[in-house]
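Worksheet: one structure, shown below.
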Amino acid sequence: MKNIKDFLLPAALTMGLLTAVSCGNDNDDDDPVSGVPQEEQEAGARAFTVTIQNVSQPGLLNSDVAQGAVPLSPGAWAVFEGMENPAFTPGERADVGTERIAEDGQVEPPMGFETTLLGAAKSSGTFSAPGGPAPSPAIMPGESATFTFTAAPGDRLTFETMFVPSNDWFYGDNGKGIALFDEGNNPTSGDVTGLVYLWDAGTEVSEKPGMGEYQAPRQPQGATDVGPEEKRSIQLVQNRFRGWRVPENSQVLKVTITPQ
Ligand SMILES: [Ca+2]
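130 is the number that the numbering used here gives to position 149 of the sequence shown; each next residue is one higher, with no gaps.
Below, the structure written as C-alpha cells:
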C-alpha cells in the first residue's frame, strides 16, 4: 500500500508550510505558555492546551487524495475578548489570512492569519503536525496538533484549519469563538468538537470535496491562489452545498480543550 503522503503532495503545503511551527507572539522573557508577561497576567487566568486530532478514515470521500480521508492543513489560532472575532465573521468576506488558510493551508506571514489580525487578538499562533506517518506539517489522518496559551475569564478561542481536499473550506468555531470560561469563571474542559463548524471561505469556486482539479492536492508544485476566484461571503458548507456529500465534522476531527 502506498503511503498516504504519496496521495497528498499539495504545492502550497510543501512550499510555505514546511517551516510552520507553533509560534505564538511571545519572547524569551515572557510566560513560556502564553507569551504574556507575568506582571500583565489577568485575574483568574489559566493556561490551556488545545488538541486537534484528525480522526478521518480512508473512504470517507470518493477521492484518490489521501485514499479518501481528509487531511487537515496546519492552522492558526487566536484568543480574543468579547464577541468580535478578529479572524473571521460569517456572512462577511474572508480576509487574506483566512483566504490563504482556506485555499492553500498557508499560515505564516507576511500573507498569513496573524498578520491580518493586526493586534486585534490578545494572543495568536499557528499549529502543525510535522511528524507522524507523513512528514509534512499537515495534520494527516491519525495525527494531532497541539497548542497552548493563557486566557482569562471573558476570553474566547477562534481557530482555522483547511479541509485540504477542497478549494476553500476550513474548520473553525461558530464565528463568535469558543468561550474559554463559563459564567462562574470555570475553565472550559473536554471535547468541544460539537462547537466546530465547516465553512466555505467564498474566495474560490468550490468543487465537490476530494474531486476538484483546482483543489490544493492537485495544484502545480509551488502554486498558491490557483483556481477560479469567487467573491462571496463566508458561509456554512452545509447551507451552501446542500446536495453534496460532506463528512460529519466528528468523522474528520476531534477538538479537545484541557485547562492546566
Ligand atoms: Ca468556495
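Where a beta carbon is used, it is the ideal one built from N, C-alpha and C, also for glycine. Since we're looking at a predicted model, the values are computed, not measured.
- CA-CA distance, S44 to V227, rounds to 12 Å.
- In this structure, the CA atom of N155 is about 6 Å from the CA atom of V177.
- Rounded to the nearest whole angstrom, the CA to CA distance from I159 to E124 is 23 Å.
- With contact defined as three or more Cβ pairs closer than 8 Å, the region 217 to 237 and the region 38 to 54 are in contact.
- Taking the Cβ of E185 as the reference point, at least one heavy atom of ligand 1 falls within a distance shorter than 8 Å.
- Taken through DSSP and simplified to helix, strand or coil, S125 comes out as strand.
- Between the C-alpha atoms of T129 and A101 there is a straight-line separation of about 19 Å.
- In the DSSP assignment, N66 falls outside any beta strand (DSSP E) and carries neither an H nor an E.
- With a 10 Å radius around the Cβ and a threshold of 16 neighbouring Cβ atoms, A133 comes out buried.
- Cβ contact annotation for F222 (same chain, cutoff 7 Å, sequence separation greater than five): S187, in chain order.
- Out of M143, F94, T97 and L179, the CA that lies nearest to the CA of V218 is found in L179.
- 9 Å or more divides the Cβ of E210 from the Cβ of E194.
- Judged by the Cβ position, D181 qualifies as a neighbour of ligand 1 at the 8 Å threshold, a heavy atom of the ligand being closer than this.
- By the Cβ test, the region 134 to 141 is in contact with the region 162 to 172, since at least three Cβ pairs between them sit closer than 8 Å.
- Judged by DSSP secondary structure, I238 falls within the beta strand (DSSP E) whose first and last residues are L234 to P240.
- In terms of side-chain proximity, the C-beta atom of R213 is found nearer than 8 Å to a non-hydrogen atom of ligand 1.
- Bounds of the beta strand (DSSP E) holding G106 are S104 to F108.
- Annotation note: the region 149 to 212 contains the following uninterrupted beta strand (DSSP E) runs of length 3 or greater, listed N- to C-terminal: 150 to 153 and 178 to 181.
- K212 sits exposed, since fewer than 16 C-beta atoms from the chains shown fall within 10 Å of its C-beta.
- At a Cβ-Cβ threshold of 9 Å, A119 and A182 do not count as neighbours.
- The continuous alpha helix (DSSP H) containing I82 extends over residues V77 to D85.
- Taking a C-beta distance under 9 Å as the contact criterion, T142 and F108 qualify as a contact pair.
- Of the candidates A26, E65 and T32, the residue whose Cα lies closest to the Cα of V173 is T32.
- At a cut-off of 8 Å, the beta-carbon of W225 does not count as near ligand 1: no heavy atom of the ligand is closer than that.
- Sequence-distant partners of P39 (beyond 5 residues in either direction) whose C-beta falls short of 7 Å from its own C-beta, in its chain, are Q48, G49 and A50.
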